[in-house]
Amino acid sequence: MTTDFSPAMLKQFLALRVAMMVRLDFPSQRRNGEKAALADLRKRSGLTRDEFELACKGRLKGGVARAKIWAALWIDPASLGIRLTDDGGQEGGDAA
2 MTTDFSPAML
12 KQFLALRVAM
22 MVRLDFPSQR
32 RNGEKAALAD
42 LRKRSGLTRD
52 EFELACKGRL
62 KGGVARAKIW
72 AALWIDPASL
82 GIRLTDDGGQ
92 EGGDAA
């Protein structure tokens, strides 16, 4: 099985994490909860608003920026021997 850290997969993980955070951390305010969850993840990742917005749309290509968001999601591609590239791809591990 190939591990996928593509921009599209990152988009899916972000959507799932936000939905989970809304249900667990902000259950009484659906719309405001989503905004709060997104803001929390953006701050935790240390990215700009533009970078984070691109990630949510599945269009963030920069390897370093994508690695920061994956780290905010508690997933470390480097621990699997995978380096994220600036073209939206990855190298190493079983995904070479």
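Here this note's numbering = 1-based position in the sequence shown + 1.
For every residue, glycine included, the Cβ atom is placed at its ideal position computed from N, Cα and C.
Check	Outcome
Sheet register partners of Glu1 (DSSP bridge)	Within the shown structure, residues of the chain are numbered from 2 to 97, placing residue 1 beyond reach of any answer.
Ala16 versus Lys62, Ala68, Lys58, Arg50, residue with shortest Cα-Cα distance	Lys58
Buried/exposed call for Gln13, threshold 16 Cβ in 10 Å	exposed
Under 8 Å between C-beta atoms of Ala40 and Asp26	no
Sub-8 Å separation of Ala72 and Leu42 beta-carbons	no
Span separating the alpha-carbon of Glu54 from that of Gly82	27 Å
Proximity below 8 Å, CB of Ala68 to CB of Leu85	yes
Euclidean distance between Cα positions of Lys62 and Lys44	19 Å
Alpha-carbon to alpha-carbon, Asp88 and Trp75	23 Å
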